[in-house]
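Quick note: the sequence shown uses full-length UniProt numbering, first residue 1, plus one each step.
The beta-carbon is built from N, C-alpha and C at its ideal position, and this holds for glycine as well.
What follows is a set of notes on a single structure, which appears directly below.
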Amino acid sequence: MSIFCPACGAPAKFDIVHQIYRCGYCGEKVKIEDARKEKIEFQKNQSQRIKKSAKNFKMSTTSCSGCGATLVFEKNEALSNCA
Numbered sequence: 001m002s003i004f005c006p007a008c009g010a011p012a013k014f015d016i017v018h019q020i021y022r023c024g025y026c027g028e029k030v031k032i033e034d035a036r037k038e039k040i041e042f043q044k045n046q047s048q049r050i051k052k053s054a055k056n057f058k059m060s061t062t063s064c065s066g067c068g069a070t071l072v073f074e075k076n077e078a079l080s081n082c083a
């Protein structure tokens, strides 16, 4: 699990002696529980954005006449051939 400093955004490293995450850039300290909560909230928001984006994605499908593969592409995208 990657943890980033809430103060400056730099990666925070785990300080095993003090059982906290500490930013190597600005020295900010992040408690383990706070880091977990923030990570879970970020993942939840990211999942919601992906689901919303997927609803707006208009796709088309076609089959390759050469190999028979099914190709999925964006509605207004043009394909010349199968890779």
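Subject >> Pairwise C-alpha distance: Lys44 and Lys37 >> reply: 11 Å
Subject >> Cα-Cα separation, Val72 to Cys82 >> reply: 11 Å
Original post:
Between which two residues does the alpha helix (DSSP H) containing Glu41 stretch?
Top reply: Ile32 to Asn56
Original post:
In terms of residues, what are the limits of the beta strand (DSSP E) holding Ser60?
Top reply: Met59 to Ser63
Original post:
Apart from the five residues on each side of it in sequence, which residues of its chain come closer than 7 Å, Cβ to Cβ, to Cys67?
Top reply: Cys82
Original post:
CA-CA distance, Glu28 and Asn76?
Top reply: 47 Å
Subject >> Simplified DSSP assignment, three categories, for Glu77 >> reply: coil
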